[in-house]
Structures are given as structure tokens and as C-alpha cells.
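In our numbering, the protein residues as written are 299 to 679.
See structure below.
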Ligand code: AMP
């Protein structure tokens with residue numbers, strides 16, 4: 299398999315911040331970048347050489363896009379499978395459409411994981427209210443009902459604390475298929491971002507510790523404060539998942555770590571991930587460059603963490619009282635500001651992030667949070 303070398307053009311399906319940071323890494327190494335999505339002036343498009351603005355189901359446009367690039371990758375996994383297939387007629391698609399097919403549907407993903415022996419939260423398929431009632435008897439309460447299909451950042455999730463809440467939770471599915479799973483009283487959430495090359499080469503960034511707020515990632519700290527045995531097990535599971543899936547590129551495996559020290563896989567994302575953003579500033583090779591290296595069949599780069607780091611997300615909520623005070627964040631010399639070029643700061647929308655580097659993970663977390671607070675601390679407030 300030949301390597302796709304600097305000077306070539308790489309294509310990205312999707313146009314959000316993940317594509318933007320991928321494009322920054324690719325352009326730095328002398329690649330050209332084309333992006334494809336239904337939108338214009340996108341976070342990726344602002345950095346790319348060319349922005350294709352068409353619906354994902356405009357397969358003629360997808361083919362034209364694929365003809366103009368050496369390889370196609372994703373930054374958004376909810377791209378329809380037919381789009382990946384149309385692109386694959388003209389350029390290698392990495393990871394493949396089948397990886398996308400498995401991971402863009404919660405039920406397929408969980409079925410894949412459990413059938414390959416990976417530890418997951420007990421789950422049941424739900425198509426009707428009697429299904430749900432029967433499933434709750436098996437999973438126990440509390441439980442979480444999620445849409446089986448598309449959904450991210452906690453969208454389409456309802457917690458069920460008692461049997462009486464089942465009908466309302468089922469209604470919230472609005473006719474979509476569901477997956478119900480036991481609510482995990484976890485000690486913490488962790489993730490492993492890792493990469494696999496076309497020949498099976500593997501590299502990982504170790505274990506990162508994640509805190510969510512309203513189901514959206516809020517803070518990631520690297521390295522995670524977990525026992526060495528947990529770290530080894532998490533990385534081992536991630537490696538096996540990437541191998542079984544046959545991923546080419548970066549994939550994130552998100553886990554719950556239970557109070558008894560057991561790891562359960564919660565979710566897979568076959569692309570660079572929010573919990574790997576710190577790698578941009580804190581590692582020898584960022585997850586975005588690693589994605590590029592993997593899909594272009596270049597040797598993978600070192601994942602060494604140069605300093606402990608923490609990443610705090612900047613959601614649209616921060617804009618409620620007006621433009622955040624960027625100067626105040628810049629006053630933290632070890633904090634790096636990333637903004638995604640989005641103009642519409644809606645609550646819950648990921649607008650950017652801060653990465654703090656420090657001597658310890660605890661200090662990095664404190665520093666990232668202090669810098670974020672400074673953004674909205676008004677004079678006299
Ligand atoms: P998901 O979209 O499934 O990754 O869920 C987003 C977040 O909701 C997770 O990162 C957890 O913080 C929380 N969550 C989801 N499922 C469960 C569960 N079964 N038990 C406890 N918390 C959950």
C-alpha cells in the first residue's frame with residue numbers, strides 16, 4: 299500500500315472543529331485539504347483549501363469531491379453509509395464505511411462490543427413500551443433510555459428512576475428505536491484515544507480522565523489519576539477494539555470506571571475526539587496529525603505527553619453576557635486558547651477550548667478552570 303505524501307490532497311467528510319484541527323495539522327505538513335458538508339464558512343472550510351457545500355446524499359457531488367483527493371477521512375461519524383460508499387469508488391476511505399456503519403448506531407455498536415467479549419453496560423433493544431418494561435426488569439433501576447440511532451452529547455437520553463417513569467421516557471423516543479441500559483454509578487469516566495495504521499500499527503495516548511456536565515464533556519485531564527493496572531487494561535481493550543473493528547485512523551474508546559474498579563466501554567468514536575484535544579499542545583504528535591499519518595500510511599508519530607495537561611471546553615453559554623474576555627485568558631502564560639471560528643454562540647454549542655500545561659495533572663486542571671472563569675469575570679463583578 300503506497301504512502302500518500304505531503305503535497306497530496308486529503309478529503310474530510312464533515313466540517314466542524316475536528317476537521318478544522320485536522321486541516322491545521324495537515325496544512326502544516328504541506329498537504330492540501332478539501333472538506334465536504336452541507337454548510338458554508340464552516341470551522342473546517344475556513345482552514346481548508348476548498349469547501350464543497352452539498353448535502354451528504356448528493357452522491358454526484360460526493361463522487362466529484364472524492365475524484366479530487368488521494369484519500370477521504372471523516373470528522374463526523376453520522377455521515378450516511380451511502381456517502382462513504384460513493385466516495386470509495388474514487389479514493390480510499392479511511393476508516394472504512396463499515397466502521398462508520400457499526401459505530402454510528404448505538405445498538406449496532408453495543409452488539410459489536412458485547413459479541414466480541416468487550417465489557418459493556420448491560421443493555422436491551424427497545425421497540426415498544428412492553429419491551430421497555432420487560433427490559434427494566436432485567437437491567438434494574440435506575441436505567442437510561444437512549445435512541446438507538448444518531449445521537450451525541452447526551453441528546454436523546456432519558457434517565458428512568460422508577461417504573462412509573464417508563465411511559466414518559468418511551469414517549470420521548472418519538473417512535474425511534476431505543477436502547478435501555480443500566481445506570482452506572484461510576485467512580486469516574488476515562489477514555490483512550492488511539493490510532494491504527496493500514497498495516498495494523500498501533501499507538502495510544504494513555505488514559506485521560508473526563509468530567510461531563512449536562513452530558514457534554516467539560517474537562518479532560520491527562521494523565522488520568524488511575525492505578526497502573528487500570529491503565530494497562532484500558533489500553534489493552536482499546537487496542538483490541540481497534541483491531542476487531544479494523545479501523546484505519548484515530549479512534550476514541552470511552553469507559554466508565556466503576557467503584558469496584560471495573561472498566562465498561564460506554565462509547566466508540568472512530569475519529570479524533572474531544573478528550574484528545576490536549577494532544578495538540580501537550581504531545582509530540584497530536585491526535586490530528588496522527589489521524590493524518592494513519593490515513594496516509596505514514597509511520598505513526600510519538601504520542602509522548604510532554605507535560606501534564608488539562609482541557610476545558612468553551613461552550614456557547616459563556617457568550618451569554620457578551621464576548622468573553624480573551625485578554626484575561628491570555629494572561630495565563632501556560633494556557634493555549636483554541637476557537638473554532640463559529641459565529642453563533644448557542645448554549646451547549648462547542649465554540650472552543652483551553653488547554654493548560656503544568657507540572658501535575660491537578661495543577662493543570664486548576665489552571666484551565668481558572669482561565670475559563672477569568673473569561674466571564676467582568677470588571678466590578
Ligand atoms: P453517551 O452519549 O452515551 O456517551 O452519554 C453521555 C454521558 O451521559 C456519559 O458520558 C455519562 O456521563 C452519562 N451516561 C450515559 N450513559 C450512562 C449510564 N448508563 N450510566 C451513567 N451515566 C451515563
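The beta carbon of each residue, even a glycine, is placed where N, CA and C say it ideally should be.
DSSP-derived helix/strand/coil call for residue i
| i | result |
| --- | --- |
| residue 632 | coil |
| residue 611 | strand |
| residue 526 | helix |
| residue 512 | coil |
| residue 589 | helix |
| residue 368 | coil |
| residue 343 | coil |
| residue 624 | helix |
| residue 408 | helix |
| residue 583 | coil |
| residue 564 | strand |
| residue 490 | strand |
| residue 385 | helix |
| residue 679 | Confidence at residue 679 is low in this model, with a pLDDT of 44, below 50, so the placement of that residue is unreliable and no value is reported for it. |
| residue 380 | helix |
| residue 745 | No information on residue 745 is available, as it lies outside the stretch 299 to 679 that the chain covers here. |
| residue 402 | coil |
| residue 457 | strand |
| residue 578 | helix |
| residue 518 | strand |
| residue 317 | helix |
| residue 481 | coil |
| residue 667 | helix |
| residue 308 | strand |
| residue 546 | coil |
| residue 601 | coil |
| residue 471 | coil |
| residue 596 | coil |
| residue 500 | strand |
| residue 392 | coil |
| residue 554 | strand |
| residue 619 | coil |
| residue 301 | coil |
| residue 374 | coil |
| residue 416 | coil |
| residue 534 | helix |
Proximity winner among the options, relative to residue i (alpha-carbon distances)
| i | options | result |
| --- | --- | --- |
| residue 682 | 311, 582, 620 | Nothing can be reported for residue 682, as the shown portion of the chain is limited to 299 through 679. |
| residue 361 | 379, 388, 472 | 388 |
| residue 571 | 517, 619, 561, 535 | 517 |
| residue 405 | 590, 470, 423 | 423 |
| residue 436 | 455, 480, 550, 426 | 480 |
| residue 723 | 354, 367, 358, 355 | Here the chain covers residues 299 to 679 and nothing more, so residue 723 does not appear. |
| residue 652 | 582, 574, 429, 603 | 574 |
| residue 612 | 549, 604, 624, 495 | 624 |
| residue 559 | 584, 531, 538 | 531 |
| residue 631 | 666, 618, 615, 619 | 666 |
| residue 468 | 300, 427, 533 | 427 |
| residue 506 | 550, 579, 633, 400 | 550 |
| residue 529 | 504, 537, 544, 510 | 504 |
| residue 289 | 548, 641, 584, 457 | Outside the shown range of the chain (299 to 679) lies residue 289, about which nothing can therefore be said. |
| residue 385 | 354, 512, 415 | 354 |
| residue 358 | 334, 347, 664 | 334 |
| residue 380 | 356, 401, 365 | 356 |
| residue 462 | 439, 659, 604 | 439 |
| residue 499 | 338, 642, 596 | 596 |
| residue 524 | 458, 578, 411, 485 | 485 |
| residue 642 | 459, 614, 527, 676 | 614 |
CB contact flag (residue i, residue j, <7 Å)
| i | j | result |
| --- | --- | --- |
| residue 669 | residue 662 | no |
| residue 636 | residue 650 | yes |
| residue 568 | residue 375 | yes |
| residue 508 | residue 487 | yes |
| residue 586 | residue 319 | yes |
| residue 501 | residue 598 | yes |
| residue 341 | residue 314 | yes |
| residue 441 | residue 434 | yes |
| residue 363 | residue 372 | no |
| residue 608 | residue 519 | yes |
| residue 592 | residue 539 | no |
| residue 543 | residue 397 | yes |
| residue 610 | residue 633 | no |
| residue 606 | residue 673 | no |
| residue 536 | residue 492 | yes |
| residue 321 | residue 346 | yes |
beta-carbon residue i near the ligand ADP non-hydrogen atom, thresh 6 Å
| i | result |
| --- | --- |
| residue 305 | Among the ligands present in this structure, namely the ligand AMP, the ligand ADP is not found. |
Does the stretch 468-482 come within contact of the stretch 434-449, defined as at least 3 CB pairs closer than 8 Å? Under the 8 Å Cβ criterion, the stretch 468-482 counts as touching the stretch 434-449, having at least three qualifying pairs.
Any contact of the stretch 407-425 with the stretch 546-565, i.e. 3+ C-beta pairs under 8 Å? Flag = yes, the stretch 407-425 and the stretch 546-565 touch.
Contact the stretch 326-341 vs the stretch 388-400: 3+ CB pairs below 8 Å: Because the criterion of three Cβ pairs below 8 Å is not met, the stretch 326-341 and the stretch 388-400 do not touch.
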